[in-house]
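Peer 1: Residue numbers (this note's numbering): 593 to 699.
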Amino acid sequence: MSDFEPFHDNHNGLALQEAKPKLKKPPLYKVILLNDDFTPMDFVVDILMEFFAMPHDKAMQVMLQVHMQGVGVCGTYSKDVAETKVYLVNEYSRAHQHPLMCTMEEA
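1. List the endpoints of the continuous beta strand (DSSP E) containing glutamate 698.
2. For proline 691, I'd like the list of residues in its chain whose CB is within less than 8 Å of its CB, leaving aside the five on either flank, ordered along the chain.
3. Three or more C-beta pairs closer than 8 Å, one from the segment 607-621 and one from the segment 643-657: is that the case here?
4. With DSSP run on the structure shown, which of helix, strand or coil describes lysine 612?
5. Where does the unbroken alpha helix (DSSP H) through lysine 671 begin, and where does it stop?
Take a look at the structure:
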């Protein structure tokens, strides 16, 4: 049956038309690390590898972007996943006495 093919209701003879709902993909969010002057570079690399599954070379590249440009994108995710990653990174940083901040914005 096509998307808009009419079919008959056997109970009262009415012709009905079936319509597919229009679904929109949910927005994606970029998870971002913000530079500070206190968090060691090795700690940032470890976070990128641990929480964002980056290989060492890619983690080094993003860490240098954070260091040089003030911000670096760790990845793009659904809202729930992005919020969870932001929370986990911020908690982990605080637990290790580092001021590193992670945030998110709509992609």
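Each residue gets a CB set at the ideal place from its N, CA and C atoms; glycine is no exception. No experiment lies behind these values; they were computed from the predicted model shown.
Peer 2: On the basis of the supplied data:
1. According to the DSSP assignment, glutamate 698 belongs to the beta strand (DSSP E) that extends over 693-698.
2. These residues qualify, in order along the chain: Asp628, Phe630, Thr631, Ser685.
3. Three or more Cβ pairs closer than 8 Å define a contact, and the segment 607-621 falls short of that threshold against the segment 643-657.
4. coil
5. Element bounds for lysine 671: 671-687.
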